[in-house]
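Residues 1 to 332 in the UniProt record's numbering are what the sequence shown lists, from first letter to last. Note sheet for the following structure.
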Amino acid sequence: MAGVFEVEVDGVEHDHGLEHQNDANQFDVSKLSPEEKWRMEHAKMHAKHKGHEAMHAEMVLILIVTLVVAQLVLVQWKQRHPKSYNLVTLFQMWVVPLYFTTKLHWWRFLTTWFIFSVITAYISFRATRKPLACTTPRLVYKWFLLLYKISYAIGIAGYSVVMFTLFGINLIFRIKPEDAMDFGVSLLFYGLYYGVLGRDFAEMCADFMASTVGYYSASGMPTKHLSDNICAVCGQPILVDVSEEGIIENTYRLSCNHVFHEFCIRGWCIVGKKQMCPYCKEKVDLKRMFSNPWERPHVMYGQLLDWLRYLVAWQPVIIGFVQGINYVLGLE
Numbered sequence: 001m002a003g004v005f006e007v008e009v010d011g012v013e014h015d016h017g018l019e020h021q022n023d024a025n026q027f028d029v030s031k032l033s034p035e036e037k038w039r040m041e042h043a044k045m046h047a048k049h050k051g052h053e054a055m056h057a058e059m060v061l062i063l064i065v066t067l068v069v070a071q072l073v074l075v076q077w078k079q080r081h082p083k084s085y086n087l088v089t090l091f092q093m094w095v096v097p098l099y100f101t102t103k104l105h106w107w108r109f110l111t112t113w114f115i116f117s118v119i120t121a122y123i124s125f126r127a128t129r130k131p132l133a134c135t136t137p138r139l140v141y142k143w144f145l146l147l148y149k150i151s152y153a154i155g156i157a158g159y160s161v162v163m164f165t166l167f168g169i170n171l172i173f174r175i176k177p178e179d180a181m182d183f184g185v186s187l188l189f190y191g192l193y194y195g196v197l198g199r200d201f202a203e204m205c206a207d208f209m210a211s212t213v214g215y216y217s218a219s220g221m222p223t224k225h226l227s228d229n230i231c232a233v234c235g236q237p238i239l240v241d242v243s244e245e246g247i248i249e250n251t252y253r254l255s256c257n258h259v260f261h262e263f264c265i266r267g268w269c270i271v272g273k274k275q276m277c278p279y280c281k282e283k284v285d286l287k288r289m290f291s292n293p294w295e296r297p298h299v300m301y302g303q304l305l306d307w308l309r310y311l312v313a314w315q316p317v318i319i320g321f322v323q324g325i326n327y328v329l330g331l332e
């Protein structure tokens, strides 16, 4: 049955009964194009909110003040209690998108989220065991480094698709702009979300493993002396000299003269976000450590993920808090 839309003319609603459905002031909504339907809904929304300018200004003011106060509170919390802040942020990063995607029935995301959660839970379980198995650090770093590279590649691919769509390159392949944009935004979301979540879990696992091995502690001196031929990240012997070319992997020496497996120290600094020596805590110069220009974007990408963590984990909570204030004050 076709829907009928009644037009309001000069502030007076015209309704002449069912027998006048063909009146000039009525339109058959089912015959309108999607763009026309969107414009009609947009006009109805403006008509509904007409005369509420003062209320809208008050709501905007509440939003701005809440954002500023929330940002100050989060910064102070992070500085004074970083451990609890990181744990709560990690939990929200894991749960908040799950709530919205379940509500919207995004089964593809739910499937990838389940696979990621199962593998990461197993890896995290291995990383928190005492005593630590000798193969666990390499397993942890391999998984999170693989996840980091995949999320980085997917994010770049999504960004490229979005830019190609904005420049109209999708028309060459006869792809609709809305389809290309949806695909690009989806890839960008997957890459950024799993990139952020993977880095947080990697940092947590890095702390557990290093403290278990005994060469690193969050505060104070190391609990064991580090031998020259032992890697302070994984606790395994170093078989290849710094000047030699290894078959599987090379050995890397930091500016503090401590030596590590190259794979371990890269995982520690890039994936685990630890910009210091695992043993003596001396600051690591990442520009010197990764002189290859093709590796530097990974460091910049990690800084971008740190900013997006706030957007994904805390922004929905703040917006929900603002909506609660508006509801209590009777603002709609």
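Beta carbons are placed, not taken as given, at the ideal position from N, Cα and C, and that holds for glycine.
* **Euclidean distance between Cα positions of Leu-110 and Ile-150** => Using only the alpha carbons, I get a separation of about 18 Å.
* Asked: What's the C-alpha gap between Leu-147 and Phe-208?
  -> Between Leu-147 and Phe-208, the C-alpha separation is close to 19 Å.
* Under the three-state DSSP convention, the category His-261 falls into -> Of the three classes helix, strand and coil, the one that applies to His-261 here is strand, per DSSP.
* Pair within 8 Å by beta-carbon distance, Gln-71 and Cys-134 -> Cβ distance not < 8 Å, so Gln-71 and Cys-134 don't count as in contact.
* Could you please give the first and the last residue of the uninterrupted alpha helix (DSSP H) stretch that includes Leu-279? => Here residue 279 is Tyr; the residue named in the question, Leu, does not match the sequence. Run containing Tyr-279: none; DSSP gives neither H nor E here.
* **Contact check, Ile-319 vs Ile-62, beta carbons under 8 Å** => No, these two residues do not count as a Cβ contact at 8 Å.
* **Whole-angstrom distance between Ala-180 and Val-4, CA atom to CA atom** => Low per-residue confidence applies at Val-4: pLDDT is 46, beneath 50, and the placement is therefore not dependable, though the value from the model is reported in the following sentence. Their Cα atoms are separated by approximately 34 Å.
* Asked: Counting pairs of Cβ atoms below 8 Å between the stretch 162 to 173 and the stretch 116 to 131, do you hit three or more?
  -> No, they do not touch.
* For Ala-57, collect the residues of the same chain with a Cβ closer than 8 Å to its Cβ; drop the 5 residues on either side in sequence, then sort them by chain order. => The answer is none, since no qualifying residue turns up.
* Going by alpha carbons, who is nearest to Trp-106 out of Glu-244, Tyr-190, Leu-311? -> Taking only the C-alpha atoms, the option nearest Trp-106 is Tyr-190.
* Asked: Out of curiosity, what's the CA-to-CA distance linking Glu-178 and Val-196?
  -> Roughly 27 Å separates the two Cα atoms.
* To do: Report all residues from its chain with a CB closer than 8 Å to the CB of Ala-24; omit the five preceding and five following residues, and keep chain order.
  => In this predicted model, Ala-24 has a pLDDT of only 45, less than 50, meaning its place in the structure is not dependable; the value taken from the coordinates is given anyway. Only residues of its own chain outside the window of five on either side were considered, and among them none has a CB closer than 8 Å to the CB of Ala-24.
* **Beta-carbon proximity list for Cys-280, same chain, < 6 Å, skipping 5 on both sides** => Counting only Cβ-Cβ distances below 6 Å, and skipping sequence neighbours, we find Cys-256.
* First and last residue of the alpha helix (DSSP H) that includes Thr-111? -> Its alpha helix (DSSP H) spans residues 107 to 127.
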